[in-house]
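Q: Have a look at this one.
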Amino acid sequence: SDLIVDLLKAFEIEYTALNPGSSFRGIHDSIVNYGGNKMPETILCCHEEIAVSMAFGYARVKGKPMVAIVHNIVGLQHATMGIYNAWTSRTPVIVIGGTGPSDTSKRRPGIDWVHTALVQGEQVRDYVKWDDQPASIESISESFIRAYRLATLEPKAPVYLCYDVALQEQKMNQAMPIPDLAAYPPSLPLQAPEEGFEKTMEALFESRRPVIIADTAGRTEEAFTALTELAELFSIPVLDQGGRLNFPTLHPFNLSGLRKEALSQADLILAVDVPEIAGALAGAPSKAKIIHIHLNELLVRSWSHDYDKLAKVNLSILAESRLFLPELLRRLRKEKRTLAKIRQTIAERAIEIKKLRSKHQESIRQETQKKWDERPISSVRLAAEAAEVLKKEDWVLTQSSPTFKERHFLDCRRFNQFLGRRRYGGVGVGLPSSVGAALALKGSGKLCVGFQADGDFLFGPSALWTAAHYEIPLLMIVFNNRSYYNDEEHQRVVAIQRNRPVENRTIGIRLEDPNVNFARLAEAYEVRGFGPVTEPGELSPTLREAVRYVKQKGQPAVLDVVTQNR
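Numbering (this note's numbering), first residue to last: 2 to 567.
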């Protein structure tokens with residue numbers, strides 16, 4: 002297990018999130034007593050799903066893995082939802098597990114038998130990029146190097162490594178140096194062939210009404226910057242799907258709230274890193290030319306159908322957007338004569354886009370004005386007040402609200418200023434992933450803020466203990482509509498279809514009687530709680546007080562805001 006710690010240090014793993022277990026007691030001891038509990042440092046969590054979700058949030062900030070350690074079969078079972086969230090969001094996490102002795106003669110009665118599998122990786126193999134269980138000390142280094150390379154190679158994804166407890170505790174007769182990592186460099190990123198550039202450039206020059214759809218391109222700064230510059234060069238409206246921050250939220254070409262209007266007359270759609278491409282193209286004219294830059298087909302499993310419906314496109318380009326977009330931009334800028342010929346078209350397009358956005362902004366303004374004093378507090382007032390309080394702060398949005406209304410108010414303009422919405426995984430990841438993101442940004446001076454759905458919060462509130470214990474500054478604003486409201490909508494639809502009472506849609510869904518006091522729940526973990534805020538006029542001063550507390554104390558806080566359903 003000392004060798005495993007040497008490898009963690011060699012790859013500069015900062016943290017290992019864990020819930021303690023006997024099957025990795027050797028690794029735990031080595032991290033603390035051999036490695037000095039530094040690089041990596043142990044982060045104690047109260048549940049394995051929280052540990053993996055923290056690593057998920059960390060990786061979305063850093064772009065590289067954090068390690069989560071889980072206890073054999075039972076810990077891995079708890080961790081599976083966190084692993085699946087990382088899988089569907091294509092996020093690199095290294096999950097390490099222990100297992101009882103494979104040699105049955107060395108097992109303790111009962112516990113080692115119940116907690117040992119053949120082989121343990123079977124449990125998560127359908128939603129990790131790779132798993133391995135090294136059989137000897139000599140094989141540990143190669144296994145870990147391969148795991149790290151695969152986790153961080155685009156498309157990124159979680160990996161799982163399992164270490165037999167007997168192997169962990171085996172005494173090494175001689176020192177085993179870490180291989181020269183320079184001899185195992187990461188593979189060069191995938192770039193498009195010449196044909197991809199030629200056809201994309203031709204389509205852009207010919208198009209009268211192009212549209213860009215982006216989802217996870219913003220995971221790299223190169224793609225985020227190039228996409229913005231491309232939109233500005235050609236005056237192209239952008240529909241940001243929100244898997245990451247792909248485009249500045251308040252940019253005049255951001256038409257994310259006007260999907261129907263933007264797509265209805267499009268003659269060219271440039272989709273960049275869009276996992277659900279078929280759904281994203283719904284409503285587009287049948288004659289529109291579709292070009293998709295992506296890596297989707299490089300990571301497909303038969304078990305989970307997270308690859309969406311097969312979409313009709315004119316050109317599918319397998320390439321990393323962080324390479325393709327800057328190079329496309331460079332080539333386009335060289336075509337000065339062609340750009341000059343369409344300058345008038347580009348200028349007219351810019352005017353049309355800005356008119357559409359102004360119209361949309363006016364509708365948001367009217368909605369905000371109408372709902373400003375409503376009780377419970379409206380989602381637009383919560384978003385507007387938060388934007389006003391944060392406008393002079395250096396902030397990062399770790400988690401969006403269920404309505405995502407804040408994108409119309411918060412000025413997200415810098416790379417990774419919003420970490421993105423998770424992609425159709427499970428409930429319960431919001432709080433622990435935000436804690437992981439805030440851990441990654443600890444000491445950076447950035448104020449981490451997350452909008453937290455109430456039902457999602459209740460899946461793992463003990464993540465607050467970890468945030469408090471390690472003094473991780475984070476403000477979680479609870480969107481407390483006292484309901485798993487999405488399912489109220491589903492029950493309403495079914496009731497109407499079946500001609501049954503719509504008013505029964507809340508049964509088995511509302512979080513009322515008793516109402517959860519999230520501020521008081523936070524204080525149980527010695528995290529400062531604010532609220533519940535029920536009066537609209539109390540929202541701004543309470544927000545300011547909560548922000549001031551997190552900044553001055555360097556501690557986490559929870560602000561409970563009782564809101565409307567949407």
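All residues carry an ideal CB built from backbone N, CA and C; glycine is no exception.
Inspect the beta-carbon positions of F585 and L476 and report whether they are closer than 8 angstroms.
A: Shown here, the chain extends from 2 to 567; a query on residue 585 therefore has no answer.
Q: Is it a yes or a no for the segment 284 to 302 touching the segment 166 to 185, going by three-plus beta-carbon pairs under 8 angstroms?
A: The answer is no - the segment 166 to 185 does not touch the segment 284 to 302, with fewer than three Cβ pairs under 8 angstroms.
Q: Taking its Cβ as the centre, do 16 or more other Cβ atoms sit within 10 Å of D132, making it buried, or is it exposed?
A: Buried, since its Cβ has 16 or more Cβ neighbours within 10 Å.
Q: Using the three-state DSSP reduction, which class does H48 fall into: helix, strand or coil?
A: Here H48 sits in coil by DSSP.
Q: Use the C-beta contact count for I318: other C-beta atoms within 10 angstroms, 16 or more gives buried, fewer gives exposed.
A: Answer is buried; the Cβ neighbour count reaches 16.
Q: Three or more C-beta pairs under 8 angstroms: does that hold for the segment 303 to 315 against the segment 323 to 341?
A: Flag = no, the segment 303 to 315 and the segment 323 to 341 do not touch.
Q: Taking 8 angstroms as the cut-off, decide whether the C-beta atoms of L271 and I213 are in contact.
A: Cβ atoms of L271 and I213: closer than 8 angstroms.
Q: Quick one: measure Cβ to Cβ for A224 and S322, integer angstroms, because I've assumed they're closer than 8 angstroms.
A: Rounded, the Cβ-Cβ distance is 4 angstroms, consistent with contact.
Q: Would you identify the three-state DSSP class for L340, choosing helix, strand or coil?
A: If DSSP states are grouped into helix, strand and coil, L340 belongs with the helices.
Q: Report the rounded CA-to-CA distance for A438 versus F410, giving the unit in angstroms.
A: Cα to Cα, the separation comes out at about 22 angstroms.
Q: In this structure, how does DSSP classify S317 when only helix, strand and coil are distinguished?
A: Here S317 sits in strand by DSSP.
Q: Please report the distance separating the alpha-carbon of S54 from that of P542.
A: Rounded to whole angstroms, S54 to P542 spans 32 angstroms at the Cα level.
Q: With respect to the alpha helix (DSSP H) encompassing V548, which residues constitute its N-terminal and C-terminal limits?
A: Element bounds for V548: 537 to 554.
Q: Hey, which unbroken runs of the alpha helix (DSSP H) at 4 residues or more fall wholly within the segment 366 to 419?
A: Runs of the alpha helix (DSSP H) inside the segment 366 to 419: 380 to 391.
Q: Please state the DSSP three-state secondary structure of E472.
A: In this structure, E472 counts as coil in the three-state DSSP scheme.
Q: In the structure shown, what three-state DSSP assignment does P253 receive?
A: Coil.
Q: With a CB to CB cut of under 8 angstroms and the five nearest residues on each side skipped, what residues in its chain are close to A496?
A: These residues qualify, in order along the chain: P502, V503, N505, R506.
Q: Quick check: the Cα distance between K342 and Q418, rounded to an integer number of angstroms?
A: Answer to the nearest angstrom: the Cα atoms are 37 angstroms apart.
Q: With which residues is N568 paired in a DSSP beta bridge?
A: Past the boundaries of the shown model lies residue 568; the chain is included only from 2 to 567, so the question cannot be answered.
Q: Among L299, K130, L324, R483, whose alpha-carbon lies nearest the alpha-carbon of P515?
A: It is R483.
Q: Are the segment 387 to 402 and the segment 350 to 366 touching by the rule of at least three beta carbon pairs closer than 8 angstroms?
A: The answer is no - the segment 350 to 366 does not touch the segment 387 to 402, with fewer than three Cβ pairs under 8 angstroms.
Q: Looking only at its chain, what residues have a beta carbon closer than 6 angstroms to the beta carbon of Q565, apart from the 5 residues adjacent to it on each side?
A: Correct list, in chain order: P377, S379.
Q: Looking only at its own chain, which residues have a Cβ that is under 8 angstroms from the Cβ of E546, when we skip the five neighbours before and after it?
A: Here the set comprises F531.
Q: Using three-state DSSP, classify K335 as helix, strand or coil.
A: In this structure, K335 counts as helix in the three-state DSSP scheme.
Q: In whole angstroms, give me the CA-to-CA distance for Y59 and L420.
A: Distance between the alpha carbons of Y59 and L420: 10 angstroms.
Q: In terms of residues, what are the limits of the beta strand (DSSP E) holding D630?
A: For the chain, the structure presents residues 2 to 567; residue 630 sits outside this window and is missing.
Q: What does the Cβ neighbour count give for D216, buried or exposed, with the cut at 16 atoms within 10 Å?
A: D216 is buried by the Cβ-count criterion.
Q: Going by the beta-carbon positions, is the gap between L448 and V548 smaller than 8 angstroms?
A: In this structure, V548 lies closer than 8 angstroms to L448 by Cβ.
Q: Is DSSP giving I5 helix, strand or coil here?
A: Reduced to three states, the DSSP call for I5 is helix.
Q: Can you name the residues that DSSP bridges to S303?
A: DSSP, once it has assigned bridges, lists no residue as partnering S303.
Q: Going straight from the alpha carbon of L324 to that of Q192, what length do you get?
A: Between L324 and Q192, the C-alpha separation is close to 6 angstroms.
Q: Is the beta carbon of H79 closer than 8 angstroms to that of F25?
A: Their beta carbons are not under 8 angstroms apart, which means F25 does not touch H79 by this criterion.
Q: DSSP on N481, reduced to helix/strand/coil?
A: Three-state DSSP puts N481 in a strand.
Q: If L637 sits next to K200, beta carbons under 8 angstroms apart, how far is it from one beta carbon to the other, in whole angstroms?
A: Outside the shown range of the chain (2 to 567) lies residue 637, about which nothing can therefore be said.
Q: Return the chain-ordered list of same chain residues with a C-beta closer than 7 angstroms to the C-beta of P41, the five sequence neighbours on each side being excluded.
A: For P41, where only same-chain residues beyond five positions count, the Cβ hits under 7 angstroms are L9, I14, E15, Y16, T17, I32, V68.
Q: Going by the CB atoms, is the gap between G243 and R108 shorter than 8 angstroms?
A: Not in contact: R108 and G243 (Cβ atoms no closer than 8 angstroms).
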